[in-house]
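Notes to accompany the following structure.
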Amino acid sequence: MFKYILKRLGYMLLALFVIVTVTFFLMRLAPGSPFASERNFPPAIEEKLNETYGLNNPWYIQYKDYLIDAATFNFGESMKYKARSTNDMIAESFPVSLTLGIEAMLIAIGMGVLLGVISALYHNKFPDYAATIIAVLGISVPSFILASVMQYFLAYKLDLFPTAGWNGFIYSILPAFAIALAHMGFIAKLTRSSMLEQSNSDYVKMARAKGLGKWKVVFKHSLRNALLPVVTYLGPLTAGVVTGSFIVEQIFAIPGLGKHFVQSITNRDYTVIMGTTVFYSIILLFTVFIVDILYSIIDPRIKLKGEKKS
Amino acid sequence: MTQQPLDQDLFKVVGGSDKDSDALAAKSVSFWKEVSLRFSQNKLALGGIFILIIVVLMALIVPEVSQYKYSDQSGVYNAPPSAQFWFGTDELGRDIFVRVWAGARISLLIGVVAALIDLIIGVVWGSISGLVGGRVDNIMMRIADVLTAVPYLLVVIVLLVVMEPGIIPMIIALSITGWINMARIVRGEVLSIKNQEYVLAARTLGANTWHLILKHLVPNALGAILVTMTLTIPQAIFTEAFLSYLGLGVPAPQASWGTMASDGAKAIADYPWRLFFPAIFISLTIFAFNAVGDGLRDALDPKLRK
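Chains as they are written, first to last, in our numbering: chain A, 1 to 310; chain B, 1001 to 1306.
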């Protein structure tokens, strides 16, 4: 186990290095510079700016600086917003995205698993069709459409929720649903198909033959096994949801992390791009890693590679 | 104990022959016939097919026969739906009904072509990686890993800035990472098929690699490939809408569903119909593709066989 964890951490470092490198060169390939969108500078000022940020150095020096910055998590000042450090920007906006993300995940997992179980229990009957239609609709509606429509009807027309902003729990309900629905649909589909698979297995038939009720079999027996594929999906889901959905955050005017991902790229704000990329990659790699370990705890049949075979 | 010789007369044919036993057994149905039978019992999937046929027909016909062109500016701005403009008009006075169906052409074209490119690259990449195995497999899959890890938006923006925005750059932007999923699935299929006994048997009988690929690997992986492909198209339409929302979509006066919906979303408080019509058709179409894909997956799944 210990050896396995060490090995995985090594791979993660390697992956981070590759991601940082590819991002660096992609950034430099993109035409434009962080100062391009501002009013025309006199050339002398632009020269001075480039010098301050080290953009005049040859690429390998810049690359080396970037690697050192990334390794020490010191990404420096934003090139676009003066006197704001990248770390502060992330530290400020991440808690917002985290709160929203956790809410969205709870909705997605709770409702998704419930829908999946219902449609598996009533396979090819009305509840199955209803649950499947809800799940597929969740997947089919792009989040910006869903967010806009919910905002228009529930907040603007019916006045049930605040239209936009970030001022407490009530403000987070609509955006959390807008982020959650697509994932909910996906989880519902995963749960449905793996529940169906379980319901053909001997131990479920046995439990039914003993006279256990339908729902009791689900909660005592089949759901535990059926949730394994859902657990796998949790890794990428956590990283994606927690780091913020740019579109939903923009529509509801939420000061989250998603904004920085997109804006830094359109602004060519090199330091912020690098900061958010490294941050995102670390979260993604770690959640996948944690899910893998969780997996082996939940399902004793799965042996981690590198573990001694007993 | 003496054994009485059995009287042969006790055993006689009472009628019926071996031929009749064939008639009693269920008719043997070929795999694809059975699949299509199971598919045709899936109402949701049939509904999906129906929606797709209608959307495609409307996209082909409406822009040709309508009195308006998708780029015509009628002079009536932001008009609500009426007898003259069925779906209303947008901020430049263009008829939204025609634009929805002209947009359908572009969105469907982008979705289908991107999915085809994903299919070709994915199948080739995945089957080479799975068949050859070893170090080649490792390198090919690590390349795919790196591509998924790099921020997608950065790749797309670099691409769309270097090339002028339009349909072809959009297709390239969608397929640049889109093929990876297909490659992973094909590789998985190839890996699981290539070690099965019947493949070994074919090898022992002297079948060469091409025979193996064409006769065994492709037909057996076809189901998974087909399902992945029907689910890639809605994904592409989805991503196109997302990129359009960020302002990276096809340039005006051309319209795709994505650009129309994102323009509409920004004006929703005053002119909600400008979002609703493209939004309904994007969602319906993605819904239809998903329903068909899921139906195919269920129909192809031998575990759900009755």
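Beta carbons: idealized from backbone N, C-alpha and C, even for Gly.
Consider the Cβ of residue i: report whether some Cβ of chain B lies at a distance smaller than 7 Å.
{"i": "residue 49 (chain A)", "result": "no"}
{"i": "residue 139 (chain A)", "result": "yes"}
{"i": "residue 152 (chain A)", "result": "yes"}
{"i": "residue 175 (chain A)", "result": "no"}
{"i": "residue 142 (chain A)", "result": "yes"}
{"i": "residue 136 (chain A)", "result": "yes"}
{"i": "residue 78 (chain A)", "result": "no"}
{"i": "residue 306 (chain A)", "result": "Here residue 306 (chain A) scores only 49 on pLDDT, less than 50, and its place in the model should not be relied on; the value that follows carries that caveat. Chain B contact via Cβ: absent."}
{"i": "residue 232 (chain A)", "result": "no"}
{"i": "residue 18 (chain A)", "result": "yes"}
{"i": "residue 30 (chain A)", "result": "yes"}
{"i": "residue 288 (chain A)", "result": "no"}
Does DSSP classify residue i as helix, strand or coil?
{"i": "residue 85 (chain A)", "result": "strand"}
{"i": "residue 1095 (chain B)", "result": "strand"}
{"i": "residue 1259 (chain B)", "result": "helix"}
{"i": "residue 287 (chain A)", "result": "helix"}
{"i": "residue 1089 (chain B)", "result": "strand"}
{"i": "residue 1189 (chain B)", "result": "helix"}
{"i": "residue 77 (chain A)", "result": "strand"}
{"i": "residue 166 (chain A)", "result": "coil"}
{"i": "residue 1008 (chain B)", "result": "helix"}
{"i": "residue 1041 (chain B)", "result": "coil"}
{"i": "residue 310 (chain A)", "result": "Low confidence applies here, because residue 310 (chain A) scores a pLDDT of 39, under 50, leaving its location unreliable; read the following figure in that light. Residue 310 (chain A): coil per DSSP, three-state reduction."}
{"i": "residue 1264 (chain B)", "result": "helix"}
{"i": "residue 183 (chain A)", "result": "helix"}
{"i": "residue 1182 (chain B)", "result": "helix"}
{"i": "residue 8 (chain A)", "result": "helix"}
{"i": "residue 131 (chain A)", "result": "helix"}
{"i": "residue 1306 (chain B)", "result": "Bear in mind that the predicted position of residue 1306 (chain B) carries a pLDDT of just 49, short of 50, making it unreliable; the figure below should be weighed with that in mind. In the structure shown, residue 1306 (chain B) sits in coil (DSSP, three-state: anything other than H, G, I, E or B)."}
{"i": "residue 1084 (chain B)", "result": "coil"}
{"i": "residue 1250 (chain B)", "result": "coil"}
{"i": "residue 1216 (chain B)", "result": "helix"}
{"i": "residue 121 (chain A)", "result": "helix"}
{"i": "residue 1138 (chain B)", "result": "helix"}
{"i": "residue 1206 (chain B)", "result": "coil"}
{"i": "residue 3 (chain A)", "result": "helix"}
{"i": "residue 1079 (chain B)", "result": "coil"}
{"i": "residue 1058 (chain B)", "result": "helix"}
{"i": "residue 254 (chain A)", "result": "coil"}
Are the C-beta atoms of residue i and some chain A residue less than 7 Å apart?
{"i": "residue 1306 (chain B)", "result": "Bear in mind that a pLDDT of 49 at residue 1306 (chain B), under 50, signals an unreliable position, so the model cannot answer this."}
{"i": "residue 1161 (chain B)", "result": "yes"}
{"i": "residue 1290 (chain B)", "result": "yes"}
{"i": "residue 1183 (chain B)", "result": "no"}
{"i": "residue 1158 (chain B)", "result": "yes"}
{"i": "residue 1283 (chain B)", "result": "yes"}
{"i": "residue 1287 (chain B)", "result": "yes"}
{"i": "residue 1008 (chain B)", "result": "no"}
{"i": "residue 1245 (chain B)", "result": "yes"}
{"i": "residue 1146 (chain B)", "result": "yes"}
{"i": "residue 1013 (chain B)", "result": "no"}
{"i": "residue 1293 (chain B)", "result": "no"}
{"i": "residue 1268 (chain B)", "result": "yes"}
Select from the options the residue whose C-alpha is nearest the C-alpha of residue i.
{"i": "residue 183 (chain A)", "options": "A:165, A:167, A:132, A:241", "result": "A:241"}
{"i": "residue 77 (chain A)", "options": "A:165, A:288, A:274", "result": "A:274"}
{"i": "residue 1183 (chain B)", "options": "B:1194, B:1228, B:1195", "result": "B:1228"}
{"i": "residue 229 (chain A)", "options": "A:89, A:210, A:187, A:264", "result": "A:187"}
{"i": "residue 10 (chain A)", "options": "A:295, A:289, A:294", "result": "A:289"}
{"i": "residue 1287 (chain B)", "options": "A:61, A:134, A:247", "result": "A:134"}
{"i": "residue 1167 (chain B)", "options": "B:1205, B:1076, B:1109", "result": "B:1109"}
{"i": "residue 284 (chain A)", "options": "A:166, A:13, A:27", "result": "A:13"}
{"i": "residue 1158 (chain B)", "options": "A:234, A:51, A:50, A:267", "result": "A:267"}
{"i": "residue 81 (chain A)", "options": "A:263, A:299, A:296, A:286", "result": "A:263"}
{"i": "residue 142 (chain A)", "options": "A:292, A:181, A:250, A:163", "result": "A:181"}
Residue i versus chain C: which residues are under 7 Å apart at the beta carbon?
{"i": "residue 1152 (chain B)", "result": "You won't find chain C in this structure, because its protein chains are A and B."}
Could you round the C-beta distance between residue i and residue j to whole angstroms and report it? I think they count as a contact, below 8 Å.
{"i": "residue 1154 (chain B)", "j": "residue 21 (chain A)", "result": "Contact flag wrong, Cβ pair sits at about 13 Å."}
{"i": "residue 1126 (chain B)", "j": "residue 1190 (chain B)", "result": "7 Å"}
{"i": "residue 1074 (chain B)", "j": "residue 1095 (chain B)", "result": "7 Å"}
{"i": "residue 277 (chain A)", "j": "residue 68 (chain A)", "result": "Their Cβ separation, rounded to whole angstroms, is 16 Å, which puts residue 277 (chain A) and residue 68 (chain A) out of contact at 8 Å."}
{"i": "residue 1283 (chain B)", "j": "residue 140 (chain A)", "result": "5 Å"}
Practice task
Report yes or no: do three or more beta-carbon pairs, one from the stretch 1216-1233 of chain B and one from the stretch 1242-1259 of chain B, lie closer than 8 Å?
Solution key: At 8 Å Cβ cutoff, the stretches do not touch.
Problem - At least 3 beta-carbon pairs within less than 8 Å: the stretch 188-197 of chain A vs the stretch 114-122 of chain A - result: Result yes; three or more Cβ-Cβ pairs closer than 8 Å.
Problem - Sufficient close CB pairs (3 or more, under 8 Å) joining the stretch 1274-1285 of chain B to the stretch 1258-1265 of chain B - result: At 8 Å Cβ cutoff, the stretches touch.
Practice task
Please determine if the stretch 1141-1150 of chain B and the stretch 1112-1121 of chain B are in contact, where contact requires at least 3 C-beta pairs separated by less than 8 Å.
Solution key: Between the stretch 1141-1150 of chain B and the stretch 1112-1121 of chain B, the count of Cβ pairs shorter than 8 Å is below three; the stretches do not touch.
Problem - Three CB pairs or more closer than 8 Å across the stretch 231-239 of chain A and the stretch 146-162 of chain A - result: Note that the stretch 231-239 of chain A does not touch the stretch 146-162 of chain A; fewer than 3 beta-carbon pairs, one per stretch, sit closer than 8 Å.
Exercise for the section: Examine the Cβ distances between the stretch 92-99 of chain A and the stretch 203-217 of chain A and report whether three or more of them are shorter than 8 Å. Expected result: No: fewer than three Cβ pairs fall under 8 Å.
Practice task
Evaluate the contact criterion for the stretch 289-299 of chain A versus the stretch 98-114 of chain A: three or more CB pairs, one atom per stretch, below 8 Å.
Solution key: Contact between the stretch 289-299 of chain A and the stretch 98-114 of chain A is absent, because fewer than three Cβ pairs lie under 8 Å.
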